[in-house]
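**Student:** The structure that follows is given in the form of structure tokens.
Number of protein chains: 2
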Amino acid sequence: MSRLLKQQQALLPAPAHELAAQMAEAGYKVTQPRLAVLRAAVALDKAFTVHELEQWLLQRNESPGIASIFRTVKLLCDLELFQRIHGLEDCHRYSISGGHAHHLICVSCGALKSFDNCGLRDLITTLEQQTGYHINDHVLELFGRCPRCLAV
Amino acid sequence: MSRLLKQQQALLPAPAHELAAQMAEAGYKVTQPRLAVLRAAVALDKAFTVHELEQWLLQRNESPGIASIFRTVKLLCDLELFQRIHGLEDCHRYSISGGHAHHLICVSCGALKSFDNCGLRDLITTLEQQTGYHINDHVLELFGRCPRCLAV
DNA sequence: TTTATATTGAGATATTGTATCAACACTACC
DNA sequence: GGTAGTGTTGATACAATATCTCAATATAAA
Ligand SMILES: [Zn+2]
Ligand SMILES: [Zn+2]
Ligand SMILES: [Zn+2]
Ligand SMILES: [Zn+2]
Numbered sequence: 282m283s284r285l286l287k288q289q290q291a292l293l294p295a296p297a298h299e300l301a302a303q304m305a306e307a308g309y310k311v312t313q314p315r316l317a318v319l320r321a322a323v324a325l326d327k328a329f330t331v332h333e334l335e336q337w338l339l340q341r342n343e344s345p346g347i348a349s350i351f352r353t354v355k356l357l358c359d360l361e362l363f364q365r366i367h368g369l370e371d372c373h374r375y376s377i378s379g380g381h382a383h384h385l386i387c388v389s390c391g392a393l394k395s396f397d398n399c400g401l402r403d404l405i406t407t408l409e410q411q412t413g414y415h416i417n418d419h420v421l422e423l424f425g426r427c428p429r430c431l432a433v
Numbered sequence: 282m283s284r285l286l287k288q289q290q291a292l293l294p295a296p297a298h299e300l301a302a303q304m305a306e307a308g309y310k311v312t313q314p315r316l317a318v319l320r321a322a323v324a325l326d327k328a329f330t331v332h333e334l335e336q337w338l339l340q341r342n343e344s345p346g347i348a349s350i351f352r353t354v355k356l357l358c359d360l361e362l363f364q365r366i367h368g369l370e371d372c373h374r375y376s377i378s379g380g381h382a383h384h385l386i387c388v389s390c391g392a393l394k395s396f397d398n399c400g401l402r403d404l405i406t407t408l409e410q411q412t413g414y415h416i417n418d419h420v421l422e423l424f425g426r427c428p429r430c431l432a433v
């Protein structure tokens with residue numbers, strides 16, 4: 282096993298106030314609807330759908346309009362504060378994690394670990410030599426069961 | 282670079298008659314609408330959308346109903362003869378390729394190479410040890426530009 | 001031929017979003 | 001304080017992808 286892989290570090294999700302600060306820094310207003318979406322995403326603490334954000338907020342009688350929830354998720358994805366998760370069944374989940382992060386996702390409960398050291402450089406080099414393609418991006422997501430779900 | 286990676290082999294797409302044979306073997310009838318979808322997918326020779334299948338067939342005045350195209354694509358995905366491609370922009374493209382295949386896709390023209398030796402075992406082992414997760418599946422797609430598009 | 005099953009096609013429906021637009025909020029300037 | 005310009009919201013319409021329903025049809029089996 283390479284030294285690179287040994288150094289694999291989990292990326293911790295950013296707290297809501299830090300995400301809000303980055304929105305402000307990018308020139309967007311930190312409004313109540315946007316803050317509400319951030320709070321919901323942080324509280325859910327897993328790979329979430331827009332519907333799950335809406336439900337979490339509705340239960341607390343503070344849901345913005347569904348259009349604003351979609352808009353906020355899209356804005357946060359564009360700002361690379363959220364990221365779409367490519368799942369085995371569907372691709373309609375999001376996580377709090379930046380640009381190049383990859384994820385390890387529990388298919389049972391949605392629990393999620395992020396990491397950014399994917400160790401794909403050798404594979405990419407080999408494929409570039411074999412195919413003549415120039416490779417400049419990739420999607421990698423891992424799926425399994427988390428310790429909690431394994432224990433049940 | 283490991284010996285495993287040096288042995289990386291491109292997977293060739295199956296021809297239409299072989300796909301039809303596998304449908305029959307699985308107990309499904311090889312009907313005209315299903316054959317038409319297979320012909321369209323083989324002819325397109327890239328990562329294709331359902332809409333592109335429909336257009337290809339409409340131009341030849343032989344399009345089955347759109348519902349049957351969707352049904353056939355889904356059936357072929359379930360039979361692991363087609364596979365959904367997780368793209369950078371959207372996840373509504375499919376390819377002719379079986380269960381564990383990964384893809385190298387040209388973002389410019391959709392040209393596609395399949396391979397199945399992803400070399401992720403070390404990464405998976407490391408992550409399992411670090412997180413306690415049990416990992417049993419993954420999505421990996423690579424994106425770039427093909428030699429033809431690089432030459433333009 | 002008769003019967004049972006599989007498949008199709010049209011249209012309704014579902015899901016996941018995006019576009020439009022009037023109302024509102026905030027800011028800067030007068 | 002008023003006024004104009006900008007950004008944001010929420011309701012609704014719309015779009016894209018995909019599935020469901022169900023009567024009609026094709027196929028296979030008896
Ligand atoms: Zn779990
Ligand atoms: Zn995807
Ligand atoms: Zn190309
Ligand atoms: Zn793999």
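Those protein sequence lines, which keep their order, are chains A and B. First residue of the first sequence: 282, per this note's numbering; consecutive thereafter. First residue of the second sequence: 282, per this note's numbering; consecutive thereafter. C-beta atoms are modelled at their ideal positions from N, C-alpha and C, and glycine is treated no differently.
Got a sec: is the Cβ-Cβ distance from residue 326 of chain A to anything in chain B below 8 Å?
**Tutor:** With 8 Å as the cut-off, residue 326 of chain A does not count as an interface residue toward chain B.
**Student:** Who are the near neighbours of residue 381 of chain B in its chain, counting only those whose CB is closer than 6 Å to its CB and skipping five residues on each side?
**Tutor:** Taken in chain order, the residues that qualify are 397.
**Student:** By the criterion of Cβ-Cβ separation under 8 Å, what are the contact partners of residue 387 of chain A in chain B?
**Tutor:** By Cβ distance, chain B contributes 414.
**Student:** CA-CA distance, residue 372 of chain B and residue 372 of chain A?
**Tutor:** The straight-line gap from Cα to Cα measures roughly 7 Å.
**Student:** My output table needs one value for residue 287 of chain A: the three-state DSSP class, helix, strand or coil.
**Tutor:** For residue 287 of chain A, the pLDDT reaches just 45, beneath the cut-off of 50, and the residue's location in the model is therefore unreliable, although a value from the coordinates is still provided. In the structure shown, residue 287 of chain A sits in a helix (DSSP, three-state: H, G or I).
**Student:** At the 8 Å Cβ level, is residue 426 of chain A part of the contact set with chain B, yes or no?
**Tutor:** Closer than 8 Å to some Cβ of chain B, the Cβ of residue 426 of chain A qualifies, so yes.
**Student:** Within the chosen definition, does the stretch 400-418 of chain A reach the stretch 334-342 of chain A through at least 3 CB pairs nearer than 8 Å?
**Tutor:** Touching, no.
**Student:** What did DSSP end up calling residue 360 of chain A once you bin it into helix, strand or coil?
**Tutor:** Of the three classes helix, strand and coil, the one that applies to residue 360 of chain A here is coil, per DSSP.
**Student:** So that I know if they touch, is there some Cβ in chain A lying closer than 8 Å to that of residue 380 of chain B?
**Tutor:** Residue 380 of chain B does not count as touching chain A.
**Student:** Drop a sphere of 10 angstroms on the beta-carbon of residue 384 of chain A, count the other beta-carbons inside from all chains shown, and report buried for 16 or more, exposed for fewer.
**Tutor:** Classification for residue 384 of chain A: buried.
**Student:** Would you give the residue range spanned by the alpha helix (DSSP H) that residue 299 of chain A belongs to?
**Tutor:** Residue 299 of chain A -> alpha helix (DSSP H) spans 297-306.
**Student:** For a cutoff of 8 Å on Cβ pairs, would you count residue 284 of chain B as touching chain A?
**Tutor:** No answer about residue 284 of chain B holds up, because its pLDDT of 44 lies below 50 and its placement is not dependable.
**Student:** Of all residues in the structure, which have a C-beta closer than 6 Å to any heavy atom of ligand 1, taken in chain order?
**Tutor:** That query returns the following residues: A:387, A:389, A:390, A:392, A:426, A:427, A:429 and A:430.
**Student:** If you measure from each residue's Cβ to the nearest non-hydrogen atom of ligand 4, which ones come out under 7 Å, in chain order?
**Tutor:** Those satisfying the condition are, in chain order, B:381, B:383, B:397, B:399, B:401, B:419 and B:421.
**Student:** Kindly list the residues whose CB is nearer than 7 Å to the CB of residue 367 of chain A, restricted to its own chain and excluding five residues on each side of it in sequence; keep chain order.
**Tutor:** Closer than 7 Å at Cβ, skipping near neighbours: 420 and 422.
**Student:** When the cut-off is 8 Å and only beta carbons count, does residue 418 of chain B lie next to chain A?
**Tutor:** Cβ-Cβ to chain A under 8 Å: yes for residue 418 of chain B.
**Student:** For residue 294 of chain A, collect the residues of the same chain with a Cβ closer than 6 Å to its Cβ; drop the 5 residues on either side in sequence, then sort them by chain order.
**Tutor:** These residues qualify, in order along the chain: 377.
**Student:** How about residue 363 of chain B and residue 357 of chain B: do their beta carbons lie closer than 8 Å?
**Tutor:** Their beta carbons are under 8 Å apart, which means residue 363 of chain B touches residue 357 of chain B by this criterion.
**Student:** Let me know the secondary structure DSSP gives residue 370 of chain B once reduced to three states.
**Tutor:** Residue 370 of chain B falls in the coil class under three-state DSSP.
**Student:** Have a look at residue 301 of chain B and residue 347 of chain B and give me their C-alpha separation to the nearest angstrom.
**Tutor:** Rounded to whole angstroms, residue 301 of chain B to residue 347 of chain B spans 20 Å at the Cα level.
**Student:** Is residue 372 of chain B near ligand 2, going by C-beta to nearest heavy atom under 7 Å?
**Tutor:** Within the cutoff, so yes.
**Student:** Do we get a CB-CB distance below 8 Å when we pair residue 360 of chain A with the residues of chain B?
**Tutor:** Closer than 8 Å: no.
**Student:** Nearest CA to the CA of residue 433 of chain A: which residue from A:365, A:389 and A:411?
**Tutor:** Closest option to residue 433 of chain A, Cα to Cα, is A:389.
**Student:** If you draw a straight line from the alpha carbon of residue 284 of chain A to that of residue 413 of chain B, how long is it in whole angstroms?
**Tutor:** For residue 284 of chain A, the predicted structure reports a pLDDT of 44, less than 50, and the residue's modelled location is therefore unreliable. A value from the coordinates is still provided. Going from the Cα of residue 284 of chain A to the Cα of residue 413 of chain B covers about 20 Å.
**Student:** On a Cα-Cα basis, can you pick out the residue from A:307, A:406 and A:350 that is closest to residue 319 of chain A?
**Tutor:** The residue with the shortest Cα to Cα distance from residue 319 of chain A is A:350.
**Student:** Pick from B:317, B:354 and B:327: whose alpha carbon is nearest that of residue 338 of chain B?
**Tutor:** Checked all of B:317, B:354 and B:327; the closest Cα to residue 338 of chain B is B:317.
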